[in-house]
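In mature numbering (1 follows the signal peptide of the UniProt record, and there is no 0), the protein residues as written are -21 to -1, 1 to 100.
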């Protein structure tokens, strides 16, 4: 019986000190409002950063009517419409090219993008 009472007294002395040793976490409402439900908790941007001029050109996405420059196209290749399933036959003075995962129909007269087939590769 004495051992039980001694153990309870020792626990009663240790528990308040252990509770004080834990840090108190307080969150301001402004800090909580800044991050929404889609935040993963890390505040660092983990997207790949382009470091060299060559890598900066690979990120470029073309839009219809843009002037096409093969140096800005990532993974540039001329395409044969017979070998790629979703491509129609190009018209006169047009050709299909690959830029990234997209296929672009480019006019040879003024070098502009006429049509884009996204995510074909």
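Cβ coordinates follow ideal geometry from the N, Cα and C atoms, glycine included.
Pairwise C-alpha distance: residue -21 and residue -13:
Distance between the alpha carbons of residue -13 and residue -21: 13 Å.
Can you tell me the Cα-Cα spacing of residue 42 and residue 50, whole angstroms?
Near 16 Å, if we compare the C-alpha coordinates of residue 50 and residue 42.
Excluding the five sequence neighbours on either side, which residues of its own chain have a C-beta within less than 7 Å of the C-beta of residue 65, listed in chain order?
Counting only Cβ-Cβ distances below 7 Å, and skipping sequence neighbours, we find 96 and 99.
Who are the Cβ neighbours of residue 47 in its own chain at under 7 Å, not counting the five residues just before and after it?
So the list reads 41, 83, 85, 90, 91 and 92, once near-sequence residues are dropped.
Would DSSP call residue 98 helix, strand or coil?
Three-state DSSP puts residue 98 in coil, outside helix and strand.
Can you look up residue 73 in the DSSP assignment and give me helix, strand or coil?
Residue state for residue 73 is assigned as strand, using DSSP reduced to three classes.
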